[in-house]
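Chemist:
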Amino acid sequence: MKRWIRAWAAVLVACLCMAGCTPAAQEQPAVSAPPAQSQPTAESPAPAQTEAVQPAATSTQTPRPQQTGNTTQKPSATQPVQTTKAPAQPAATQAPQAQTVTCTVGIDCKTAVEKGNAVALKIAPNGVIAAQMTVEIPAGGTVYDALQAAAKKRGLVVSKSGSGKNVYVTGIQSLGEGDAGAGSGWMYLLNGRAVQKSASAQTVQQGDVVQWRYTCDAGKDIGASVK
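With our numbering as the guide, the letters of the sequence shown map in order to residues 56 to 282.
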């Protein structure tokens, strides 16, 4: 038995020796592989392209409008911009001009009453023929028009001479020019001032006050002396 074990041991040793001394399996000649192309890394710049760079194509799209605040500015475009005209605003309506004016008219003969003139005492014992009253006349009317309106309102009689813009009032009721002596007659004051103009030539404005007064001294006794 021992002899058999030794024999196997010897065979095993021999096999091991042969395995260590036998050259490895014939090595296949190394196939030279083509050199690996170096791959660009993140650190290495990409190789330059050999294709020609094409110029950027011109955009045919209309650029978007730029907004400034709340107002949109329209960019210039090749297409015409349609402009919508705002409807014409109607002209401001002017206030209609007044068709009439209102003024105040009064008539007195106090100077003649103070002198004891019989005619004046008969028609107006207190010297007031017509107390101040409001009358309405057409716009552009005159002092004479205002007197006519007052006379119509109170039933008075007015006498005159002349026409157009040269009317001269010669009498109111039965008291006329010269009845109380030289320099006596009818005169008017406009807003308290004597006006050296025919009554038919002096225009009356809204709110004017016209006072017809009988003078016995060419206006001196009523503060309207005639020069």
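From the three backbone atoms N, C-alpha and C, an ideal C-beta is built for every residue, glycine too.
1. Run through DSSP, which three-state label would threonine 117 get?
2. Where does tyrosine 269 fall in DSSP's three states?
3. Considering valine 156, what are the terminal residues of the beta strand (DSSP E) in which it resides?
4. Determine the extent of the beta strand (DSSP E) in which leucine 211 is found, giving its start and end residues.
5. So alanine 175 is in the alpha helix (DSSP H); what residue range does that whole segment cover?
6. Within 10 angstroms of the Cβ of valine 237, are there 16 or more other Cβ atoms? Answer buried if so, exposed if not.
7. Per DSSP, tyrosine 223 is paired with what?
8. Quick one: residues in its chain with C-beta nearer than 6 Å to the C-beta of aspartate 272, no 5 flanking neighbours on either side, listed in chain order?
9. When DSSP labels each residue in this structure, what does valine 168 get in the three-state scheme?
10. Would you mind sorting glutamine 228 into buried or exposed? The rule is 16 or more other CB atoms within 10 Å of its CB.
11. Which residue comes first and which comes last in the beta strand (DSSP E) that contains valine 250?
12. Roughly how many whole angstroms lie between the Cα atoms of arginine 268 and cysteine 164?
13. Use the C-beta contact count for aspartate 276: other C-beta atoms within 10 angstroms, 16 or more gives buried, fewer gives exposed.
14. First and last residue of the beta strand (DSSP E) that includes glycine 196?
15. Leaving out the 5 sequence neighbours to the left and right, which residues in its chain are closer than 6 Å to glutamine 187 when beta-carbon positions are compared?
16. Look at the alpha carbon of arginine 209 and the alpha carbon of glutamine 251, and state the distance between them as a whole number of angstroms.
17. Quick one: Cα of glutamine 257 to Cα of leucine 244, how far?
18. Is alanine 97 helix, strand or coil by DSSP?
19. DSSP three-state call for lysine 203: helix, strand or coil?
20. Within its chain, find whatever has a CB closer than 7 Å to the CB of threonine 166; leave out the 5 residues flanking it on each side and keep chain order.
21. Tell me which residues share the same chain as valine 211 and place their Cβ nearer than 8 Å to its Cβ, disregarding the 5 neighbours each side in the sequence.
22. For glutamine 203, which of Ala254, Asp263 and Ala279 has the nearest alpha-carbon?
23. Quick one: Cα of glutamine 152 to Cα of asparagine 181, how far?
Modeler: The short version:
1. Because threonine 117 carries a pLDDT of 45, less than 50, the predicted location of this residue cannot be relied on, and the following value inherits that uncertainty. For threonine 117, the three-state secondary structure derived from DSSP is coil.
2. Look at tyrosine 269 here: in three-state DSSP terms it is strand.
3. 155 to 163
4. Leucine 211 -> no beta strand (DSSP E), and no H or E assigned at all.
5. 173 to 178
6. Sequence check: residue 237 is alanine here, not valine. Counting Cβ neighbours within 10 Å, alanine 237 comes out exposed, since fewer than 16 surround it.
7. Ser216
8. If we look at aspartate 272 and ignore the five residues flanking it on each side, its Cβ neighbours are Gly238.
9. helix
10. buried
11. Where valine 250 is concerned, there is no enclosing beta strand (DSSP E), given that its DSSP letter is neither H nor E.
12. 6 Å
13. buried
14. Element bounds for glycine 196: n/a, residue is neither H nor E.
15. Thr159 and Gly161
16. Taking the straight line joining both Cα atoms gives about 27 Å.
17. 11 Å
18. Low confidence applies to alanine 97: its pLDDT is 44, below 50, so where it sits in the model is not reliable enough to give any reading.
19. Before going further, note that residue 203 is glutamine rather than lysine in the sequence given. It is helical.
20. Tyr269, Thr270, Cys271, Asp276 and Ile277
21. Note that residue 211 is leucine in the sequence shown, not valine. Within the same chain, leucine 211 has close Cβ partners Ile162, Ile184, Ala185, Ala205, Ile227 and Gln228.
22. Ala254
23. Whole-angstrom Cα-Cα distance: 41 Å.
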